[in-house]
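Asker:
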Amino acid sequence: MSAASPIKTVRVELADRGYDILVGPDLIADAGTHLKPLLRRARVAIVTDETVAGFHLGALTASLDAHGIRHDTLILTPGEATKRFSELQRVTEWILETGIERGDLVIALGGGVIGDLTGFAASIARRGVDFAQIPTTLLSQVDSSVGGKTGINTAQGKNLAGAFYQPRLVLADTSALATLPMRELMAGYAEVVKYGLINDRPFFDWLEVNLDAIKAGDVAARTYAIVKSCEAKAHIVALDERESNVRALLNLGHTFGHALEAATGFSQKLVHGEGVAVGMALAFDLSAKLGLCSGQDATRLRRHLERAGLPNKLADVAGPLPDADGLIALMGQDKKVVDGKLTFILARGIGEAFITRDVDATPLRALLSEREPA
Numbered sequence: 001m002s003a004a005s006p007i008k009t010v011r012v013e014l015a016d017r018g019y020d021i022l023v024g025p026d027l028i029a030d031a032g033t034h035l036k037p038l039l040r041r042a043r044v045a046i047v048t049d050e051t052v053a054g055f056h057l058g059a060l061t062a063s064l065d066a067h068g069i070r071h072d073t074l075i076l077t078p079g080e081a082t083k084r085f086s087e088l089q090r091v092t093e094w095i096l097e098t099g100i101e102r103g104d105l106v107i108a109l110g111g112g113v114i115g116d117l118t119g120f121a122a123s124i125a126r127r128g129v130d131f132a133q134i135p136t137t138l139l140s141q142v143d144s145s146v147g148g149k150t151g152i153n154t155a156q157g158k159n160l161a162g163a164f165y166q167p168r169l170v171l172a173d174t175s176a177l178a179t180l181p182m183r184e185l186m187a188g189y190a191e192v193v194k195y196g197l198i199n200d201r202p203f204f205d206w207l208e209v210n211l212d213a214i215k216a217g218d219v220a221a222r223t224y225a226i227v228k229s230c231e232a233k234a235h236i237v238a239l240d241e242r243e244s245n246v247r248a249l250l251n252l253g254h255t256f257g258h259a260l261e262a263a264t265g266f267s268q269k270l271v272h273g274e275g276v277a278v279g280m281a282l283a284f285d286l287s288a289k290l291g292l293c294s295g296q297d298a299t300r301l302r303r304h305l306e307r308a309g310l311p312n313k314l315a316d317v318a319g320p321l322p323d324a325d326g327l328i329a330l331m332g333q334d335k336k337v338v339d340g341k342l343t344f345i346l347a348r349g350i351g352e353a354f355i356t357r358d359v360d361a362t363p364l365r366a367l368l369s370e371r372e373p374a
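So the sequence shown is numbered by my numbering: it starts at 1 and just counts up by one.
#1: In the DSSP output, which residue or residues are listed as bridge partners for residue 152?
#2: Does the CB of residue 288 have a neighbour CB from chain D at under 9 Å?
#3: Suppose the cutoff is 6 Å on Cβ atoms and the five residues either side in sequence are ignored; what does the same chain contact list for residue 298 look like?
#4: Between 70, 317, 58 and 202, which has its C-alpha nearest residue 36's C-alpha?
#5: Based on DSSP bridge pairs, tell me the residues matched to residue 356.
#6: To the nearest angstrom, how far is the alpha carbon of residue 25 from that of residue 175?
#7: If you draw a straight line from the C-alpha of residue 329 to the C-alpha of residue 157, how long is it?
#8: What residues are listed by DSSP as bridge partners for residue 71?
#9: Taking Cβ to Cβ, would you say residue 113 is nearer than 9 Å to residue 78?
#10: Label residue 264 either buried or exposed according to how many other C-beta atoms from any shown protein chain fall within 10 Å of its C-beta, with 16 as the threshold for buried.
#11: Would you call the segment 216-231 and the segment 253-269 touching, i.e. three or more CB-CB distances under 8 Å?
#12: Specify the secondary structure class of residue 255 as computed by DSSP and reduced to three states.
#13: With DSSP as the reference, please indicate the residues paired to residue 110 in a beta bridge.
#14: Does the segment 164-172 come close enough to the segment 200-212 that 3 or more CB-CB pairs lie under 8 Å?
#15: Have a look at residue 138 and residue 22 and give me their C-alpha separation to the nearest angstrom.
#16: Buried or exposed: where does residue 13 fall if 16 or more other Cβ atoms within 10 Å of its Cβ makes it buried?
#17: In terms of residue numbering, what span does the beta strand (DSSP E) encompassing residue 10 cover?
#18: Should the segment 56-65 be regarded as contacting the segment 37-48, the criterion being three or more beta carbon pairs within less than 8 Å?
#19: Three Cβ pairs or more, each shorter than 8 Å: is that satisfied between the segment 139-155 and the segment 233-243?
#20: What are the partner residues of residue 172, as DSSP defines its beta bridges?
#21: Going by alpha carbons, who is nearest to residue 326 out of 364, 357 and 345?
#22: To the nearest angstrom, how far is the alpha carbon of residue 348 from that of residue 293?
#23: Kindly indicate the opening and closing residues of the alpha helix (DSSP H) around residue 333.
#24: Closest by CA to residue 159, which one among 251, 171 and 95?
#25: Can you tell me where the alpha helix (DSSP H) holding residue 272 begins and where it ends?
#26: Nearest to residue 281 by CA position, among 272, 270, 291 and 311, is which residue?
#27: To which residues of the same chain is residue 66 closer than 8 Å at the C-beta, ignoring the five residues directly before and after it?
#28: Check this for me: beta carbons of residue 207 and residue 219, under 9 Å apart or not?
#29: For residue 363, report the span of its alpha helix (DSSP H) as first-last.
#30: The alpha helix (DSSP H) with residue 190 in it runs from where to where?
#31: Use the C-beta contact count for residue 362: other C-beta atoms within 10 angstroms, 16 or more gives buried, fewer gives exposed.
#32: Can you tell me the Cα-Cα spacing of residue 18 and residue 11, whole angstroms?
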């Protein structure tokens with residue numbers, strides 16, 4: 001790409017499985033250009049949902065048609081409830097029925113639910129067929145489409161069945177964000193904030209200044225936020241693809257957040273990014289209680305989340321919620337539990353997150369017992 005090109009490229013370096021993330025406008029309308037070089041034959045299968053299909057499927061198929069790429073489409077029901085075993089079976093068997101081979105491509109067109117489910121199905125169909133991510137939400141563009149985590153929810157918790165399976169390409173079309181309701185956009189923004197909190201305080205500073213521009217649809221601000229987030233995740237994934245160590249940092253707020261999502265039935269009461277927002281605030285509150293970071297940093301984070309219209313305390317979650325012990329039990333289903341001990345991502349300050357399993361249950365229980373508005 002030329003320096004003047006609006007398309008930015010972020011490389012995920014994973015030896016012979018590395019791939020590009022393209023970030024910019026109108027990538028769906030030009031998807032055929034980017035996908036055709038990946039194909040052994042001009043054949044793809046598209047998985048999407050009803051909502052996304054109404055906005056973007058026509059542009060995608062028109063581009064595929066223009067490049068002579070044959071396509072079949074499966075349209076699913078939108079929502080977190082689709083990430084379950086019965087739908088995994090449906091998608092996997094559909095991929096096989098279409099005759100997709102290992103040299104063909106399965107395309108996930110949608111948000112995190114479609115990307116996670118489709119990627120998992122691609123990983124097991126014929127013991128692995130290629131797939132590409134075309135994420136249409138901010139959350140999926142900066143988080144779930146990058147790094148190869150795929151999966152579904154189970155009765156025991158969120159994303160507990162899945163596989164590490166990398167895409168061949170990610171097309172993050174910034175134009176697609178214009179179709180999102182503000183609640184969904186800001187739910188994705190929580191994951192953007194996370195990257196500043198982990199190890200990039202200057203990025204968090206930038207977000208404080210540019211939040212209003214991001215909310216208002218400023219293309220340059222949104223593109224910068226997405227590229228910075230993808231660069232941060234790509235760097236960590238390259239160091240630790242299968243989350244044996246440093247990649248766990250990307251779960252800041254998620255141990256709390258996933259428990260809250262489970263407690264609210266994976267429903268619209270609390271969507272994923274909102275659970276992460278509350279979880280990040282709780283992680284900083286716990287860090288402050290333990291004397292690891294200043295209360296000022298915890299307050300600064302909460303105020304920023306409030307400006308974004310995001311929930312940031314237990315009282316913001318549409319109840320009722322389990323008591324502290326009930327929430328801790330839900331947290332115990334987290335994938336990062338080792339020898340029965342929860343893995344926490346805590347912080348010594350904004351931009352100074354770290355991994356620990358040495359957390360006293362008493363301050364944790366006290367924190368989760370606080371239900372009054374801050």
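Where a beta carbon is used, it is the ideal one built from N, C-alpha and C, also for glycine.
Answerer: Taking the definition as stated:
#1: Within the sequence shown, residue 152 is the residue found at index 152, counting from 1. According to DSSP, which records beta bridges pairwise, residue 152 is partnered with 161.
#2: The question asks about chain D, but that chain is absent: this structure has only one protein chain.
#3: Locating residue 298 in the sequence shown gives position 298, where the first residue counts as 1. 284, 285 and 288, listed in sequence order.
#4: If you number the sequence shown from 1, residue 36 lands on position 36. Shortest Cα-Cα distance from residue 36 to any of 70, 317, 58 and 202 involves 70.
#5: For the purposes of this step, residue 356 is taken as the residue at position 356 of the sequence shown. According to DSSP, which records beta bridges pairwise, residue 356 is partnered with 344.
#6: Taking the sequence shown and counting its residues from 1, the one referred to as residue 25 is at position 25. Taking the sequence shown and counting its residues from 1, the one referred to as residue 175 is at position 175. Between residue 25 and residue 175, the alpha-carbon positions lie close to 5 Å from each other.
#7: In the sequence shown, residue 329 corresponds to position 329, counting from 1. In the sequence shown, residue 157 corresponds to position 157, counting from 1. Computed Cα separation, rounded: 11 Å.
#8: In the sequence shown, the residue the question calls residue 71 occupies position 71. In the DSSP output, where bridge partners are listed per residue, residue 71 has 44.
#9: If you number the sequence shown from 1, residue 113 lands on position 113. If you number the sequence shown from 1, residue 78 lands on position 78. For residue 113 and residue 78, yes; Cβs fall inside 9 Å.
#10: Mapped onto the sequence shown, residue 264 falls at position 264. Using a 10 angstroms sphere on the CB of residue 264, the tally of other CB atoms reaches 16 or more, which defines it as buried.
#11: Taking one beta carbon from each stretch, the segment 216-231 and the segment 253-269 have fewer than 3 pairs nearer than 8 Å; the two do not touch.
#12: For the purposes of this step, residue 255 is taken as the residue at position 255 of the sequence shown. Looking at residue 255 - three-state DSSP - the assignment turns out to be helix.
#13: The count along the sequence shown starts at 1 and reaches residue 110 at position 110. Residue 110 pairs with 135.
#14: Remark: fewer than three beta-carbon pairs, one from each stretch, lie closer than 8 Å, so the segment 200-212 and the segment 164-172 are not flagged as touching.
#15: Position 138 of the sequence shown holds residue 138. Position 22 of the sequence shown holds residue 22. Those two C-alpha atoms are separated by around 14 Å.
#16: Here residue 13 corresponds to residue number 13 of the sequence shown, with the count starting at 1. Under this definition residue 13 is an exposed residue.
#17: Numbered from its first residue, the sequence shown carries residue 10 at position 10. It spans 8-12 - the beta strand (DSSP E) in which residue 10 sits, taken as one unbroken run.
#18: Yes: at least three Cβ pairs fall under 8 Å.
#19: Cβ pair count under 8 Å is three or more, so yes.
#20: For the purposes of this step, residue 172 is taken as residue 172 along the sequence shown, with counting starting at 1. Answer is 23.
#21: Mapped onto the sequence shown, residue 326 falls at position 326. Selected option, being the one with the closest Cα: 364.
#22: The sequence position of residue 348 within the sequence shown is 348, counting from 1. The sequence position of residue 293 within the sequence shown is 293, counting from 1. Going by the C-alpha atoms only, they are around 4 Å apart.
#23: Residue mapping note: residue 333 aligns to position 333 of the sequence shown, counting from 1. From DSSP, residue 333 is part of no alpha helix (DSSP H); its letter is neither H nor E.
#24: Residue numbering aside, residue 159 sits at position 159 when the sequence shown is read from its first letter. Looking at the Cα atoms, 251 is the closest of the given residues.
#25: Taking the sequence shown and counting its residues from 1, one reaches residue 272 at position 272. Under the DSSP assignment, residue 272 falls in the alpha helix (DSSP H) whose first and last residues are 272-289.
#26: For the purposes of this step, residue 281 is taken as the residue at position 281 of the sequence shown. Distance check between residue 281 and each of 272, 270, 291 and 311 places 311 closest, using alpha-carbon atoms only.
#27: Along the sequence shown, one-based indexing puts residue 66 at 66. So the qualifying residues of the chain are 32.
#28: Taking the sequence shown and counting its residues from 1, one reaches residue 207 at position 207. Taking the sequence shown and counting its residues from 1, one reaches residue 219 at position 219. Between residue 207 and residue 219, the C-beta gap is not smaller than 9 Å, which leaves the two residues out of contact.
#29: To locate residue 363, count along the sequence shown from 1; it is residue 363. Segment 361-368, the alpha helix (DSSP H) holding residue 363.
#30: As a position in the sequence shown, residue 190 is number 190, starting the count at 1. Per DSSP, residue 190 is one residue of the alpha helix (DSSP H) stretching across 182-199.
#31: The residue labelled residue 362 in the question sits at position 362 within the sequence shown. Counting the other CB atoms within 10 Å of its CB gives residue 362 a total below 16, which places it among the exposed residues.
#32: Against the sequence shown, residue 18 aligns to sequence position 18. Against the sequence shown, residue 11 aligns to sequence position 11. Taking the straight line from one Cα to the other gives about 7 Å.
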